[in-house]
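Beneath this line is the structure, given in structure tokens, with notes to follow.
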């Protein structure tokens, strides 16, 4: 094949160890997810519970609960992150969580279905909701999409309040039974949750779902679908000219996001043993968005990191008493000024690159004599 | 030669303004056809109408006897009519190679579920796309920049990247939107060579919309001239250069801009 | 109000909190939580003190803090022969049930067995499982009956519920003012709507006709004319404001009068006279609400001192606190009656049935029918409500006047 | 029905004013200012403080000249000034930095939310949780006393409007007119409009982008503050914690009218006001649900709202 002659006039891009490093990281990706997963599983299922078990018994419930909350909020936030990934600001995840929680509660209480089944059921119902809503509104972009989803959370609350026949209206659904044991051929696959141990068991459950969520998301982002989503995020028109079916490719991530919202809602319904119209509000929808921003939109673990930081931070600031919100706000503003692209934009690789770049600029070779502090 | 694209009496109105008015022409397989015209002649609108990025007000476009106007852009692309963009429209935060691999979308044989779970077919696709991307990058002399962020590319290479994306879709007919804009003479001549080689080596049909007269005259097999939304002439470069209506349209500066 | 003094106070507060935060971050978390004096008695507060609903919890928390400071100033509380300093551990749940659960778990982890709050229905329902499993008695300001009837066991209603005061008020109006018809409005929120349903039932029981019962408003509403227009068109004798927040009541009343409504407005929640005066002025005359014990006739010298101390501490008093002053004293008095309850809430529950003590906040608090005791047999089938005099107030010219005093059993 | 229309117009005038400042900031900076409601509350509370307590050593009744009390307009202007300074500071110290340093425009949403939290917390600490109100500006009421105005027309009913509301409605109307005129006929106004339409083109035309963005933010905040002052008098008071919900309401209005467009904000405000007014009279507790659902449907059919340019 004839090669097009190269153009000597065009500047050749700088190619140093920086690019090599980033290429190395990019191309070596497929090996480390397994390591990461194993590490995460050990940490979440052995190290942390072991650490918690060493605490005073009264404190254990609290710590388990805090971790459970982080897990289920980050599942929902991961969904929001995925819609960011196709370039949509989603402030409506609270609505899906609310729907998921109610589906789980209603199906359990009114139809007497096992809690375990209601988790996927809530997710699937939310996918249906996502298709119906997403089809028309995914054409919107930018703040337009953001605003319409913000309204959705309010709509969900009003629907719950205004149709008491199904949802029990303002009173909510209380006294949802704790999940039962599941046995198969005499083996107990899933243990019975009781008043004493349910905080711990819900911790394991939600962590398990969280790990699954992030594995699924990791796979998605690093598969071809992820690349297509990214192309959508950056230029829909161009993607369309390359034959990408925009309607479908917007809808799929949105529905996955809805599924995650629904699952998080169902988990919350289980954790709380009751649901009411205010368990997920506009504030939650906004929070998910904030978690994503805080963690960083460029990395799929951003929502997890963001959730941990903001949630733990809020808990930590309880010490400030009346000034909790004030301190929280100030901390947010400062963080935003320092790392406007989120915590995960400070990836070790990037920092390493900086350092290498810095060293590379200042000292051409490592063997030069140590120079004075003139710089 | 076989006619593959037919533009039949296509019109487009914006409110009271008629941007394109009853334009018809045909494109034959393997030829390079240029659409030219002064500013505001309706070239860009016509281009969007052909690639179905904009619906026609009346008339239609057929590709291999099949009507494509009114279809969604991605379906038109799927049929083999692929456009590139006039501006430096790229995926800013992707590397060059990644961009080209994404552009292989149309060639995929596995479905999305398959890609997600990494089936045999999907992995085979991925491997082939990678190889094909490397080949295209080499062909367009972009190999050295394969791992650069697209947004860091210099201007000329961006256009090459645009064409690389177009090639990756394995098109039957490639619609180039002002591929030579903003290039100096030397760059233009290289690009002209490149487009030529696309046709010669890959058997592509090329339809381009362009301002740069010398380049058009050099590259085209045939030329269609638009003015005020209407077709005023059609023919080989030699015919067009001597066409009084065209000279009239380019008024006064005719000599310079047509490059006689 | 002294704005500059307030700002100054907060500046020192912020400085103090900063120091505290820095101190806790330099020490390890376990050190600070375990290192506490043995003769401290911690009482929890979990409720909303920020965000749009801050008004509900703030007055609650502040009454507790005022009372605790006061008790500590006089040497603390003697329980079982030992003096304790009272410490209020508070947690802001932002009206979010998820945070309310976290709050109750915070309390559990600190070994706090007695908690006041939460202030909302959803929050109170959400904390129930943990409170029951881990042995916490909580005093919610929420009305759902499920919280107090069996099998629920650890919640004690901290005030008069609307399904108790509502019928009394409606009956009084029917008997004394020949009230025939009633209209209701409520915010589009769970607490308000369930109070509306309660009010509906109470009105029916009292033989009143509800002429307009479906009008609701979004909680962000500030202009009530569109909402009240259809209500007033239905020509009700009185309008019941179900679960209306203290900030909305004056606005609703004012707009109602401007639209030509002449009848009474009724609320079954606590209100602040100053806010009514400032916000609605004379339009609020005749407004009926449920108060605590600060009407001049009822308030004991101790209640008056409480108001003075509260005002001194926080700049201004909130009449809503009248209904919220009791919970802390009930807890402490019950603990005094049975010191074993300090560590074991089952002892507390046992004591509930027989507990009785003088009520220091009302005149005549030593009379048998005014004594502090637990009630709720008729509403819940078990004693899960603190006894407070059901003072039905009427607002007139800047002050609440007692209309009548009833009792909940 | 007259009452319903009057209510709708009055709500609409208030809503339009709230939406105007928000849409200005959005149009100029593409920032969805979550703190807009809090700015509005701050304006209201500044007005309240001045009307009730005066300026420290100057008591509020010192501003009564010839029997007319001028303290309210003075307080209103002060509120506007305080907020304008605050807005300029926010833009210069916070938003500008973040916009410059962040990869995506949307990052400012986190900052906007953080500033909203900051204002929320400070307002609650300083002003307390109670409702604050000022006395009516003028007494008296236009009333038809429960007799229909036009008995022959079906739906005609009684009609009540206090004078102070009429006065405030007129002030609101004049403020809207002044704002629109300012944007159209003054130099900064034209510069800001150019900026909102096409940032790049405006820059090329020699508009000092940094300066006018700051002015725009300040003007938006000032509008919010003055609106807060007006609504303090119009809606029976203001509470330190009600800002967040107001922002969301304002978002709805600018979505309906078209984000970044002055006319859209005004239209959106009046339409929402009228819809609420009519809705509450006929739909009962389904009003809000129906309005929201209609809004979602409308926006999915016409994403740019009534008057917006496609994709902002």
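Residue numbers (the working numbering), protein chains in the order written: chain Z, 1 to 375; chain V, 1001 to 1260; chain F, 2001 to 2409; chain W, 3001 to 3312.
Built from N, CA and C at the ideal position, the CB exists for glycine as well.
None of these values were measured; they are calculated from a predicted model.
{"Asked": "Neighbouring residues, chain V, relative to residue 110 of chain Z (Cβ below 8 Å)", "Found": "Those within 8 Å of residue 110 of chain Z in chain V number zero; the least Cβ separation is about 34 Å."}
{"Asked": "Minimum length 4: unbroken alpha helix (DSSP H) runs contained in the region 2294-2377 of chain F", "Found": "2301-2314, 2321-2324, 2326-2337 and 2345-2354"}
{"Asked": "Proximal residues to residue 3038 of chain W (C-beta, below 6 Å), its chain only, five neighbours per side dropped", "Found": "3116, 3119, 3120 and 3243"}
{"Asked": "Buried/exposed call for residue 3178 of chain W, threshold 16 Cβ in 10 Å", "Found": "exposed"}
{"Asked": "Whether residue 1080 of chain V touches residue 1163 of chain V by CB criterion (8 Å)", "Found": "no"}
{"Asked": "Nearest candidate by alpha-carbon position, reference residue 2234 of chain F, set F:2251, F:2207, F:2262 and F:2046", "Found": "F:2262"}
{"Asked": "Buried versus exposed call for residue 259 of chain Z [16 or more other C-beta atoms within 10 Å across all chains shown]", "Found": "buried"}
{"Asked": "Three-way DSSP call (helix, strand, coil) for residue 2157 of chain F in this model", "Found": "strand"}
{"Asked": "Within 7 Å of chain W by C-beta, residues of the region 153-168 of chain Z in sequence order", "Found": "154, 155, 158, 159 and 162"}
{"Asked": "Minimum Cβ-Cβ distance from residue 139 of chain Z to chain W less than 8 Å", "Found": "yes"}
{"Asked": "Beta carbon of residue 2370 of chain F nearer than 8 Å to that of residue 2409 of chain F", "Found": "no"}
{"Asked": "Counted within 10 angstroms of its Cβ, other Cβ atoms place residue 375 of chain Z as buried (16 or more) or exposed", "Found": "With a pLDDT of 35 at residue 375 of chain Z, under the threshold of 50, the modelled position of this residue cannot be trusted, and the question is left open."}
{"Asked": "Spatial neighbours of residue 23 of chain Z in its chain, beta-carbon cut-off 7 Å, leaving aside the 5 residues before and after", "Found": "Residue confidence for residue 23 of chain Z is low, a pLDDT of 48 falling below 50, so the modelled location carries little weight and cannot support an answer."}
{"Asked": "Spatial neighbours of residue 2388 of chain F in its chain, beta-carbon cut-off 6 Å, leaving aside the 5 residues before and after", "Found": "2326"}
{"Asked": "Proximity test, Cβ basis, 8 Å: residue 322 of chain Z and chain W", "Found": "yes"}
{"Asked": "Nearest to residue 294 of chain Z (by Cα), restricted to the options Z:144, Z:55, Z:51 and Z:78", "Found": "Z:78"}
{"Asked": "Collapsed DSSP secondary structure at residue 2217 of chain F in the structure displayed", "Found": "strand"}
{"Asked": "C-alpha gap between residue 3047 of chain W and residue 3079 of chain W, whole angstroms", "Found": "6 Å"}
{"Asked": "Counterpart residues of residue 1174 of chain V in DSSP-defined beta bridges", "Found": "V:1082 and V:1206"}
{"Asked": "Residue from F:2332, F:2337, F:2380 and F:2379 with nearest C-alpha to residue 2043 of chain F", "Found": "F:2332"}
{"Asked": "Below-8 Å beta-carbon distance, residue 340 of chain Z vs any chain W residue", "Found": "yes"}
{"Asked": "Cross-chain neighbours of residue 3143 of chain W in chain F, by beta carbon under 8 Å", "Found": "2260"}
{"Asked": "Nearest-angstrom beta carbon gap, residue 2103 of chain F and residue 2143 of chain F [assumed within contact, 8 Å]", "Found": "Incorrect: roughly 20 Å between the Cβ atoms, too far for contact."}
{"Asked": "Exposure label - residue 12 of chain Z; buried when at least 16 CB within 10 Å", "Found": "Low local confidence applies: a pLDDT of 39 at residue 12 of chain Z is under 50, so the model's placement there is unreliable, and no value is given."}
{"Asked": "Chain W contact for residue 72 of chain Z (CB, 8 Å cutoff)", "Found": "no"}
{"Asked": "Contacts of residue 237 of chain Z in chain V (Cβ-Cβ under 9 Å)", "Found": "1053, 1073, 1085 and 1089"}
{"Asked": "8 Å Cβ cutoff, residue 2214 of chain F in contact with chain W", "Found": "yes"}
{"Asked": "Residue 22 of chain Z - DSSP class collapsed to helix/strand/coil", "Found": "A caution first: residue 22 of chain Z carries a pLDDT of 48, below 50, which makes its placement in the model too unreliable to give a value."}
{"Asked": "DSSP state of residue 3211 of chain W mapped onto helix, strand, coil", "Found": "helix"}
{"Asked": "Bridge-paired residues (DSSP) for residue 3143 of chain W", "Found": "W:3160"}
{"Asked": "Assigned secondary structure, residue 2382 of chain F (DSSP; H/G/I helix, E/B strand, else coil)", "Found": "coil"}
{"Asked": "Contact belief for residue 3007 of chain W with residue 2225 of chain F at Cβ below 8 Å, rounded distance in angstroms", "Found": "4 Å"}
{"Asked": "DSSP beta-bridge partners of residue 1226 of chain V", "Found": "V:1231"}
{"Asked": "Whole-number beta carbon distance between residue 1077 of chain V and residue 1133 of chain V, since they are thought to touch under 8 Å", "Found": "Not quite, the Cβ-Cβ distance comes to about 18 Å (not below 8 Å), so this is no contact."}
{"Asked": "Interface flag, residue 136 of chain Z vs chain W, CB-CB below 8 Å", "Found": "yes"}
{"Asked": "Per-residue contacts from residue 3097 of chain W into chain Z (C-beta, under 7 Å)", "Found": "337"}
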